[in-house]
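*Asks:* Numbering (this note's numbering), first residue to last: 986 to 1076.
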Ligand SMILES: [Zn+2]
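Given below as structure tokens:
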């Protein structure tokens, strides 16, 4: 956020990777990922309003989905669970 505040670049790409890590660890359908998903939601709930105040438009999406495996989660297949992701445009 410091770069957004101080330098006002024309666009920012922000990657918050913790959800990918915990989805690999537990599987995306596991209730054990809930705290990490909540943390991501809280971070976005702080970031997005500030970015909008600074004049940015915000697109939120994931770079991929993930599917459950016997040992956690994985991605990279052609399966819809891996290939299709939600995208949100916030103005
Ligand atoms: Zn991954």
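Idealized CB from N, CA, C, for every residue including glycine.
Buried or exposed: which applies to residue 1075, given that a residue is buried once 16 or more other Cβ atoms fall within 10 Å of its Cβ?
*Replies:* Flag for residue 1075 reads exposed.
*Asks:* Please report the residue range of the beta strand (DSSP E) in which residue 1059 lies.
*Replies:* Looking at the DSSP string, the run of the beta strand (DSSP E) that includes residue 1059 is 1057 to 1059.
*Asks:* Using only the heavy atoms of ligand 1, determine whether one of them is closer than 7 Å to the beta carbon of residue 1067.
*Replies:* The answer is no for residue 1067.
*Asks:* Pull every residue with its beta-carbon under 6 Å away from any heavy atom of ligand 1, and keep them in chain order.
*Replies:* Matched residues: 1005, 1009, 1060.
*Asks:* By the three-class DSSP mapping on this structure, what secondary structure does residue 1045 have?
*Replies:* It is a strand residue.
*Asks:* Quick check on the DSSP output: the alpha helix (DSSP H) that includes residue 1022 runs from which residue to which?
*Replies:* Note, residue 1022: alpha helix (DSSP H), 1019 to 1038.
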